[in-house]
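As numbered in my numbering, residues 5 to 124 make up the sequence shown, in order.
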Amino acid sequence: MPTPSTLSTQPQSHSVHDLSGRLVSLLVFLIGVAMLVFVFIIALHLFEAPVPGLDLPVKTGAPAPPAVNIGASLAVFARSLLLLGVMTLAGSLIASKGAHLYFGTIYPPRENSNSATSGK
5 MPTPSTLSTQ PQSHSVHDLS GRLVSLLVFL IGVAMLVFVF IIALHLFEAP
55 VPGLDLPVKT GAPAPPAVNI GASLAVFARS LLLLGVMTLA GSLIASKGAH
105 LYFGTIYPPR ENSNSATSGK
């Protein structure tokens, strides 16, 4: 059991807040959120506009698009969806890391003297 005199000599790392660390972590979080907003705007435009090559002919008797155009259009659309998925994953990971860094600067990790690796 530590005595009161040994408790007062330990550094008080919990009261020290790193302002620059908090600002950087907020910036990382906001970049991640901005990436997610950008992805949602792109997705909105992608889903509102018809897929080029797949739009149906408006006039009666107009020829339907050939199967090659349909396959190429679906490949481009699938590629766009895949890129949106990757961008969403990247944005959410960056925003998550920013939030984790921010809370790490507010509540720094405690040093545990009774470590599981010490063999006690």
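Here a beta-carbon is modelled for each residue, glycine too, at the ideal position from N, C-alpha and C.
Checklist entry - Cα-Cα, which of Arg114, Pro113 and Ala103 is closest to Ser32? => result The question names Ser, but residue 32 is Val in the sequence shown. When each option's Cα is compared against that of Val32, the closest is Ala103.
Checklist entry - Met91 to Ser24, Cα distance in whole Å? => result 28 Å
Next on the checklist: Using 8 Å for Cβ pairs, my map puts Ile98 next to Gly36. What's the rounded Cβ distance?
Outcome noted: 3 Å
Checklist entry - Is the beta carbon of Leu105 less than 7 Å from the beta carbon of Ala47? => result no
Checklist entry - Mapping DSSP to helix, strand and coil, what is Asn73? => result It is helical.
Checklist entry - Between Ala76 and Glu115, what straight-line distance do the alpha-carbon atoms span, to the nearest angstrom? => result 58 Å
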